[in-house]
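Here's the structure we're looking at; comments come further down.
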Amino acid sequence: MKINQTKIQLIHNPTAGAEEHEAEHLMEMLNAAGYRCSYASSKKKIMKKIATDVKYIAVAGGDGTVRKVVLTMLDKKLKYKRPLAVLPLGTANNIASSLGIEENLRLNAESWKQEKLQKLDIGVATTRKEEKYFIESFGFGLFPALIKWMDEQPKTLSEDPNEEVLQAHNALLHLAKHYQPIPATILLDGKELNDEFLMIELLNISRLGPKLVLAKNANPGDGMLELILIKAKQRPLIIKYLEEIVAGKKPQFPIKSIAVNQFKIKLDTKDIHVDDELMETNQHTWDVGVLPHMIEVLLTK
């Protein structure tokens, strides 16, 4: 009977996924799985009408949609806070993949009844004038340079997600061969490190960008971030890794991550990103930390 059905709020990115991921089909699938479902588009004011009897917020979209919902929840009152259920419809789906969330949407939805929850930390990067929150990663160098390259490409490049990922791998390989290293000063565990870097990344999850597993042991609910430092002298390592990725192999990332909960860096670069967005800033000194256990996510395994 419907009176016993769990009520969920579906927040859907209407531009994500294929035809079977349209709003009507998703609603039918969720109703068939035994849920009472209300719909909202991620393109509108997504938290405007969260009913008090909603138990879960289901997010249908890619990493950007998940990030938008999480950051909106952080910015709202406690009454909007609910466990998130992720229906991955994006190109990379790094958040869902890092959490081991089922890609099959029907099996995914049916598993929510098990109520297996994972705490999710939020990273925070601050300067004297700015404060940025991140779900996936924050960093400098190669990856924001890749985002910039992809933003500059015509939309007609490819609409196939697998082809889009392969194009990104090839572009990142090209950048790795030619990118100018960034001089930086890093304060870590009371020690100062001065060097030139191709990439500096702080990851909350295991994956970055075009489905690259850079920190396989990352736990997004342990109150720590995984720091990846690729020094200029390590360029051959990253080139070899990306060449194998482009060739269709599955190599291990060659540089071990460092678990940190506080991090300070001083550098001068325009290549900065927070999650999948480029940043325009004149700030050179950043303090990075973690807000632990801010959100709960429903797991499927």
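Residue numbers (UniProt numbering): 1 to 301. We put the CB at the ideal spot given by N, CA and C, even for glycine.
Using the C-alpha atoms, what's the distance from Q5 back to M150? So the two alpha carbons sit approximately 43 Å from each other.
Among Y35, L173, S97, which residue has its Cα nearest to the Cα of W112? W112 has its Cα closest to that of Y35, out of Y35, L173, S97.
Those residues which DSSP pairs with M199 across a bridge: Partner(s): G141, I230.
For the alpha helix (DSSP H) that contains M27, what are its first and last residues? M27 -> alpha helix (DSSP H) spans 23-32.
Own chain residues within Cβ distance below 6 Å of H21, not counting five before or after: Sequence-distant partners of H21 (beyond 5 residues in either direction) whose C-beta falls short of 6 Å from its own C-beta, in its chain, are L89.
Out of curiosity, what's the CA-to-CA distance linking E130 and Q262? Taking the straight line from one Cα to the other gives about 17 Å.
For a quick check, are the C-beta atoms of A184 and I101 less than 7 Å apart? For A184 and I101, no; Cβs fall outside 7 Å.
For the alpha helix (DSSP H) that K68 lies in, which residues bound it at each end? Unbroken alpha helix (DSSP H) run through K68: 63-75.
With 16 as the cutoff for other CB atoms within 10 Å, does Q114 come out buried or exposed? Exposed is the label assigned to Q114, since fewer than 16 other Cβ atoms lie within 10 Å of its Cβ.
Consult DSSP for L120 and reduce its assignment to one of helix, strand or coil. Three-state result, L120: strand.
Contained beta strand (DSSP E) runs [length at least 3] in the segment 212-275, N- to C-terminal order: Counting only runs of at least 3 residues, the segment 212-275 fully encloses the following beta strand (DSSP E) elements, listed from N- to C-terminal order: 225-231, 258-260, 262-267, 272-274.
Use the C-beta contact count for H284: other C-beta atoms within 10 angstroms, 16 or more gives buried, fewer gives exposed. Looking at its Cβ environment, which holds fewer than 16 other Cβ atoms inside 10 Å, H284 is exposed.
Does the distance from the C-beta atom of E201 to that of G139 stay below 7 Å? Yes, they are a contact pair.
Contacts around L205, its chain only, beta-carbon distance under 7 Å, and the 5 residues preceding and following it disregarded: One point to set straight first is that residue 205 is Ile, not Leu, in the sequence displayed. Excluding its 5 nearest sequence neighbours in each direction, I205 has C-beta neighbours in its own chain below 7 Å: N94, I95, S98, E136, A218, P220, listed in chain order.
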